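Numbering-wise (the working numbering), the sequence shown opens with residue 400 and increments by one.
Comments concern the structure below.
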Amino acid sequence: MIGVYDYTVILTYLSMISGCTGIIMSMSGVGHPYLGALFLMLSGLCDAFDGMVARSKKGRTDMEKRFGVQIDSMSDLISFGILPLAIGVAMLRISAKFTDRPYWMDETKYVWYPILLVAIGVLYGLAGMIRLAYFNATEDERAAEAAEKGKAYFTGLPITTASLVFPFILILHYYLRFDFSIVYFIVMLLLAVLFLCKFKMPKPNLCGIMIQVGIGAAEFITIGLILLLSRL
400 MIGVYDYTVI LTYLSMISGC TGIIMSMSGV GHPYLGALFL MLSGLCDAFD GMVARSKKGR
460 TDMEKRFGVQ IDSMSDLISF GILPLAIGVA MLRISAKFTD RPYWMDETKY VWYPILLVAI
520 GVLYGLAGMI RLAYFNATED ERAAEAAEKG KAYFTGLPIT TASLVFPFIL ILHYYLRFDF
580 SIVYFIVMLL LAVLFLCKFK MPKPNLCGIM IQVGIGAAEF ITIGLILLLS RL
């Protein structure tokens with residue numbers, strides 16, 4: 400078989416599987432954004448450590464390294480580019496703003512709101528794809544620059560930020576009892592712009608990664624409790 404199947408790619412494959420599952424869960428039935436958010440955070444957890452795991456293998460071939468870069472970007476596009484859009488659409492499907500309008504409201508007037516918001520979500524996915532493709536195309540130059548300067552930087556906001564930002568919005572949506580569906584898409588638009596901006600931010604060290612994992616774990620537990628309480 401073609402491809403790579405050793406332990407260095409397991410977390411990347413799991414991230415993609417989690418992302419696809421989250422998309423399906425989000426869009427099933429009337430819409431399940433909180434289930435989708437759980438899988439979004441699982442993908443974020445896998446992505447946090449997949450690079451470390453891959454680099455732990457000594458003597459990786461150039462093909463294996465290039466393969467790892469490609470599948471990481473493809474997995475990120477699904478998990479952090481498409482899944483957040485599916486979660487947002489699921490929010491619209493259960494939102495009172497768009498499902499419980501009084502009968503006297505003009506249908507043709509209000510139909511444009513969800514269309515506009517979904518268009519923002521599509522632009523978010525496009526921005527994510529452009530970002531990931533750009534960094535794939537400039538991988539060699541960035542590696543050489545990092546080796547020369549001794550410190551690696553992100554240019555623009557990493558797309559994996561989605562795994563912490565969007566679950567937090569869903570938590571606010573539940574506990575504040577306010578419909579954050581429009582806010583969700585406004586944040587999507589903001590992130591899409593930040594994905595493509597040319598500012599530099601240092602890549603986190605192990606301590607920084609563990610802090611992010613801790614925040615994600617707190618969000619994961621909170622959303623798990625929300626799902627549990629909503630079924631009682």
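Using N, Cα and C, we set each Cβ at its ideal position, and we do this for glycine too.
Note that the coordinates shown come from a computational prediction; the quantities given were computed from them, not determined experimentally.
Quiz item: Exposed or buried, L556, counting other C-beta atoms within 10 Å across all chains shown (16 or more means buried)?
Solution: Position 157 of the sequence shown, counted from the first residue, corresponds to residue 556. By the neighbour-count rule (16 or more Cβ atoms within 10 Å), L556 is buried.
Quiz item: For G615, does the count of other Cβ atoms within 10 angstroms reach 16, so buried, or fall short, so exposed?
Solution: As a working note, residue 615 is residue 216 in the sequence shown. Buried is the label assigned to G615, since at least 16 other Cβ atoms lie within 10 Å of its Cβ.
Practice problem: With DSSP as the reference, label K599 as helix, strand or coil. | Solution: Numbered from its first residue, the sequence shown carries residue 599 at position 200. If DSSP states are grouped into helix, strand and coil, K599 belongs with the strands.
Quiz item: Which class does T554 belong to by DSSP, given the choice of helix, strand or coil?
Solution: Here residue 554 refers to the residue found at position 155 when the sequence shown is read from its first residue. When secondary structure is reduced to three states using DSSP, T554 falls in the strand class.
Quiz prompt | Supposed close pair G418, S472 - CB separation, criterion 8 Å | solution = Numbered from its first residue, the sequence shown carries residue 418 at position 19. Numbered from its first residue, the sequence shown carries residue 472 at position 73. No, G418 and S472 are not in contact; Cβ-Cβ is about 13 Å, not under 8 Å.
Exercise. Using beta-carbon positions only, say whether A447 and T559 come within less than 9 Å of one another.
Key: Taking the first residue of the sequence shown as position 1, residue 447 is located at position 48. Taking the first residue of the sequence shown as position 1, residue 559 is located at position 160. Their beta carbons are under 9 Å apart, which means A447 touches T559 by this criterion.
Exercise. Figure out for me which residue from L484, G443, A551 and D449 has the closest Cα to the Cα of M426.
Key: Counted from its first residue, the sequence shown places residue 426 at position 27. Ranking the options by Cα distance to M426, first place goes to L484.
Quiz item: Run through DSSP, which three-state label would T621 get?
Solution: Mapped onto the sequence shown, residue 621 falls at position 222. T621: helix per DSSP, three-state reduction.
Self-check item: Candidates M400, G402, I409 and A489, of which the one nearest G421 by Cα
Solution: Along the sequence shown, read from residue 1 onward, the residue named residue 421 stands at position 22. If we check each option's Cα against that of G421, A489 comes out closest.
Quiz prompt | C-beta atoms of Y404 and K456 nearer than 9 Å | solution = Position 5 of the sequence shown holds residue 404. Position 57 of the sequence shown holds residue 456. Not closer than 9 Å, so no.
Quiz prompt | Range covered by the alpha helix (DSSP H) that runs through V488 | solution = By one-based count along the sequence shown, residue 488 stands at place 89. Looking at the DSSP string, the run of the alpha helix (DSSP H) that includes V488 is L482 to I493.
Self-check item: 9 Å Cβ cutoff met for G527 and A591
Solution: As a working mapping, residue 527 is identified with position 128 in the sequence shown. As a working mapping, residue 591 is identified with position 192 in the sequence shown. The answer is yes: Cβ separation under 9 Å.
Exercise. Note down, in chain order, each residue of its chain lying with its Cβ closer than 7 Å to the Cβ of F619, except the 5 sequence neighbours on either side.
Key: Within the sequence shown, the letter at position 220 stands for residue 619. Only L437 and M440 meet the Cβ criterion.
Exercise. Pull up the CB-CB distance for L569 and I622, whole angstroms please, since I reckon it's below 8 Å.
Key: On the sequence shown, residue 569 is found 170 positions in, with the first residue counted as 1. On the sequence shown, residue 622 is found 223 positions in, with the first residue counted as 1. Correct: roughly 7 Å between the Cβ atoms.
Self-check item: Neighbour-count burial assignment, Y574, 16 or more Cβ in a 10 Å radius
Solution: Residue numbering aside, residue 574 sits at position 175 when the sequence shown is read from its first letter. Answer is exposed; the Cβ neighbour count stays below 16.
Quiz item: What's the gap between the Cα of I625 and the Cα of D461?
Solution: For the purposes of this step, residue 625 is taken as residue 226 along the sequence shown, with counting starting at 1. For the purposes of this step, residue 461 is taken as residue 62 along the sequence shown, with counting starting at 1. Roughly 45 Å between the two C-alpha positions.
Quiz item: By a C-beta neighbour count over all protein chains shown, 10 Å radius and 16 as the cutoff for buried, is M609 buried or exposed?
Solution: Position 210 of the sequence shown, counting from 1, holds the residue named residue 609. Classification of M609: exposed, given that the 10 Å Cβ count is below 16.
Exercise. Give the straight-line distance between the Cα atoms of Y502 and W511, rounded to the nearest whole angstrom.
Key: Within the sequence shown, residue 502 is the residue found at index 103, counting from 1. Within the sequence shown, residue 511 is the residue found at index 112, counting from 1. Because Y502 carries a pLDDT of 46, less than 50, the predicted location of this residue cannot be relied on, and the following value inherits that uncertainty. Between Y502 and W511, the C-alpha separation is close to 17 Å.
Quiz item: Just how far apart, CA to CA, sit Y533 and G524?
Solution: As a position in the sequence shown, residue 533 is number 134, starting the count at 1. As a position in the sequence shown, residue 524 is number 125, starting the count at 1. Spanning the two alpha carbons is a distance of roughly 14 Å.
Quiz prompt | Whole-angstrom distance between G458 and F594, CA atom to CA atom | solution = What you label residue 594 is simply residue 195 of the sequence shown in a count that begins at 1. What you label residue 458 is simply residue 59 of the sequence shown in a count that begins at 1. The straight-line gap from Cα to Cα measures roughly 33 Å.
Quiz item: Hey, F584 and G520 are a contact pair by Cβ (cut 8 Å); roughly how many whole angstroms apart?
Solution: Indexing the sequence shown from 1 puts residue 584 at position 185. Indexing the sequence shown from 1 puts residue 520 at position 121. Confirmed, about 6 Å.
Quiz prompt | Per-residue DSSP class, three states only, for V582 | solution = What you label residue 582 is simply residue 183 of the sequence shown in a count that begins at 1. Helix.
Self-check item: Residue burial classification, V586 (beta-carbon count within 10 angstroms, cutoff 16)
Solution: Counting from one through the sequence shown, the residue named residue 586 turns up at place 187. Buried is the call here.
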